[in-house]
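Here's the structure we're looking at; comments come further down.
In the UniProt record's numbering, the protein residues as written are 1 to 303.
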């Protein structure tokens, strides 16, 4: 029996030794940890490093917030910025009231050292703007994008009393001229308008609060005639009949007055609304003849 077991043991060892070279000893993946195994507790050093990282991150965020300037809008592109700069340029040209080169405009905007794309866009918008007039440089045969000069173009190109009279006389309609539009190119026009009004050359409407000129129309001074004071006194002494007397006298003469006294007008009394009576339904076959004594109308017996 022992010899048989020894033979089986020797056979098993020989089979195991022959199969050993065929088994790969290389392990690509680590065996998965058991689900029930507890996670290792973090060390004090790792906790300290995490807290330091959080503090550093908070510090960087606070510093970045401090560096933000809230008084200026965030730059969303040089296109929108160029349109904003053009608004400043128009006010600048309006105050100066003279032609300015593009270099002078850039100096006013503090944009001399800005990128060329922004400069070209500002020049392009100015040349197409209806409130700006561009003059080419006569010394150049071929104009460049930054050549020439720019001047403010007012809503109404009037800058003197003579120009205002000519402008009003050349109007083809009867509409007045707004003093606000005149001030766009002639800021101190109110004194000249007051002088023209005294000379009977213009007609002016004014504000009730400040008595400032608001609208201006042309006037012909030759049509203005002076009336003697004696005649004015006599005119105001004439006693005019009342409206009722005029209406009565016109009616006695067989004429219809152009207007009637509203107080004498008789107003018609309002008509009372009549209640609509419900009409009985006609037609159809009566099937409840056995209830006729119950459905009889006794409304005429009401008091």
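Just so it is clear, CB atoms sit at the ideal spot from N, CA and C, and this is done for glycine as well.
Since the structure is predicted, the reported quantities are computational estimates derived from the model, not experimental observations.
Q.
Let me check understanding here. Comparing Cα to Cα, which of 219, 203, 220 lies closest to residue 213?
A. For residue 213, the closest of 219, 203, 220 by C-alpha to C-alpha distance is 203.
Q | Residues of its chain near residue 148, where Cβ-Cβ distance is below 7 Å and the 5 sequence neighbours each way are ignored | A | Excluding sequence neighbours, residue 148 sits near 134, 135, 136, 137.
Q) What whole-angstrom Cβ distance do residue 193 and residue 224 have, given they're in contact under 8 Å? A) Between the beta-carbon of residue 193 and that of residue 224 there is about 17 Å, and that puts the pair past the 8 Å contact cut.
Q. Which residue's Cα is closest to the Cα of residue 105: 115, 97, 116, 93?
A. 93
Q.
Between the region 148-162 and the region 99-119, can you find at least three pairs of beta-carbon atoms closer than 8 Å?
A. Yes, the region 99-119 is in contact with the region 148-162.
Q: Name the two residues that bound the continuous alpha helix (DSSP H) containing residue 121.
A: 116-128
Q.
DSSP three-state label for residue 101, please.
A. strand
(Q) Please report the straight-line C-alpha distance between residue 97 and residue 118, rounded to a whole angstrom. (A) Spanning the two alpha carbons is a distance of roughly 25 Å.
Q: Just tell me which of 154, 87, 123 has its CA closest to the CA of residue 145.
A: Residue 145 has its Cα closest to that of 123, out of 154, 87, 123.
Q: With a threshold of 16 other CB atoms inside 10 Å of the CB of residue 328, please say whether the residue is buried or exposed.
A: Absent from the model: residue 328. The displayed extent of the chain is 1 to 303, so no value can be given.
Q: Give the DSSP-derived three-state secondary structure of residue 242 in the structure shown.
A: coil
Q) Which partner residues of residue 205 appear in the DSSP bridge assignment? A) 215
Q: Report all residues from its chain with a CB closer than 7 Å to the CB of residue 183; omit the five preceding and five following residues, and keep chain order.
A: 189
Q | Spatial distance of residue 178 from residue 206 (CA atoms) | A | 11 Å
Q.
Distance check for residue 186 and residue 125, CA to CA, integer angstroms please.
A. 25 Å
Q.
Under DSSP, the alpha helix (DSSP H) around residue 256 begins and ends at which residues?
A. Where residue 256 is concerned, there is no enclosing alpha helix (DSSP H), given that its DSSP letter is neither H nor E.
Q) Going by DSSP, what residues sit across from residue 110 in a beta bridge? A) Looking at the DSSP assignment, residue 110 forms no beta bridge with any residue, so it has no partner.
Q: In the DSSP assignment, find the unbroken alpha helix (DSSP H) run with residue 298 in it and report its ends.
A: Unbroken run through residue 298: none, as it is neither H nor E.
Q) Expressed to the nearest angstrom, what Euclidean distance is found between the alpha-carbon atoms of residue 219 and residue 101? A) 41 Å
**Q.** Exposure of residue 8, with buried meaning 16 or more beta-carbon neighbours within 10 Å
**A.** Exposed, by the Cβ-count rule.
Q. Are the Cβ atoms of residue 155 and residue 181 separated by less than 7 Å?
A. yes
**Q.** Short CB-CB distance (under 7 Å) between residue 126 and chain C
**A.** The chain inventory of the structure shown lacks chain C, comprising one protein chain alone.
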